[in-house]
Structures are given as C-alpha cells and as structure tokens.
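> Numbering (this note's numbering) for the sequence shown: 2 to 153. Virtual Cβ for every residue (Gly too), placed ideally from N, Cα, C.
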Amino acid sequence: MRNVTDIDDKILDKAAAAGEQWWARAYRFEREFTHAYDALGILPPTVEPRATGHIPEMVELITRIVDRGHGYVVRDTQGAPTGDVYFDVASWPHYGELTHQKQGATVDEASAVTDRMGPSVDSTQEDKYNPTDPSDASEAKHDPRDFALWKS
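(1) Around the C-beta of Asp89, are 16 or more other C-beta atoms found within 10 angstroms, so that it is buried, or is it exposed?
(2) Is it buried or exposed for Leu99, if we count other Cβ within 10 angstroms and need 16 for buried?
(3) For Asn131 and Arg76, I'd like the C-alpha separation in whole angstroms.
(4) What does Trp151 pair with, by DSSP beta-bridge criteria?
(5) Does the pairing of the region 9-28 with the region 58-69 give three or more beta-carbon distances under 8 angstroms?
(6) Starting from the C-beta of Gly58, find all residues in its chain whose C-beta is less than 8 angstroms away, skip the five residues before and the five after it, and write them out in chain order.
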C-alpha cells in the first residue's frame, strides 16, 4: 500500500504560484515518484489510495477528533469558523513518544529533536514538518506543535 497525497494546502499553493492546475501538478509528481520507485526496482503497491478519493472519510474522522477534544476549529476575530482545523497536541499525552518529544518542551528542545531526526523527504527546502519552522507558524494554533488536519 502507498498513500498518495494528491491535494493539500502546499500542492494548491505551489500549483497557483507555478500557474498550473493543482491536479496536473499532483499527477506529475505522483508519476515522477512512481518512476523513481521503478528505477530502484521496488515493486508497485497493490493498493494506492488517493486523498481526493476519501474526502468524506477524512471529514468524518476529523469531526470525531474534534468531538473527542483532540482537535479544534480555528475561528476569526468575530468567532466565525475559518474552515481550518488543527490537532491539539496537548490533548494527547502520548504525542511525541515515538520521536522522543516531551509535553511542554520548549521550542529549542523541539528543534533539537527534529534536528536529530534529519531532514524531511522534501529536501528542496527547509524541513516543513518541523513544527517550529516559521512556514508552519500560525497565531491560530494553541501550541506551535499543533498541526493542520484540514485547511480551507
């Protein structure tokens, strides 16, 4: 199995900046990824679900996460929902165990952990998965480590 993220905020932003359709960009990179796997002699997956094929299931899962107190809907200054939803890291006591992060860690401590982990798969730019990366900063987050479940 290999999941294909064929739509997200970064794909939409980069496609718009490049003047191309988001779906064309996603498909092009999916094909490049597949060709790289082929060149390495890696067998193709038997199942390859795409994010766009499972939007209703994602909405249902995100709704359950929020209903159980592990996520929150971002609201504007008037209290209206913006459409963005984040995972509330502080609500999950075991968050970060796999990567040896501690609850209540300082930004410097979190950066040290991500430095030890090395760069993300996207080596064309700074590590976008580092929760202290300025590109992921948002005043809407309750905690700098919170991450987007849905972006509008």
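The relevant details are as follows:
(1) Counting from one through the sequence shown, the residue named residue 89 turns up at place 88. It is buried - the Cβ of Asp89 has at least 16 other Cβ atoms within 10 Å.
(2) The residue labelled residue 99 in the question sits at position 98 within the sequence shown. With fewer than 16 other Cβ atoms within 10 Å, it is exposed.
(3) What you label residue 131 is simply residue 130 of the sequence shown in a count that begins at 1. What you label residue 76 is simply residue 75 of the sequence shown in a count that begins at 1. Because Asn131 carries a pLDDT of 49, less than 50, the predicted location of this residue cannot be relied on, and the following value inherits that uncertainty. Their Cα atoms are separated by approximately 24 angstroms.
(4) Within the sequence shown, numbered from 1, the residue matching residue 151 stands at position 150. Trp151 pairs with Val86.
(5) no
(6) Counting from one through the sequence shown, the residue named residue 58 turns up at place 57. Note that residue 58 corresponds to Glu in the displayed sequence, not to Gly. None.
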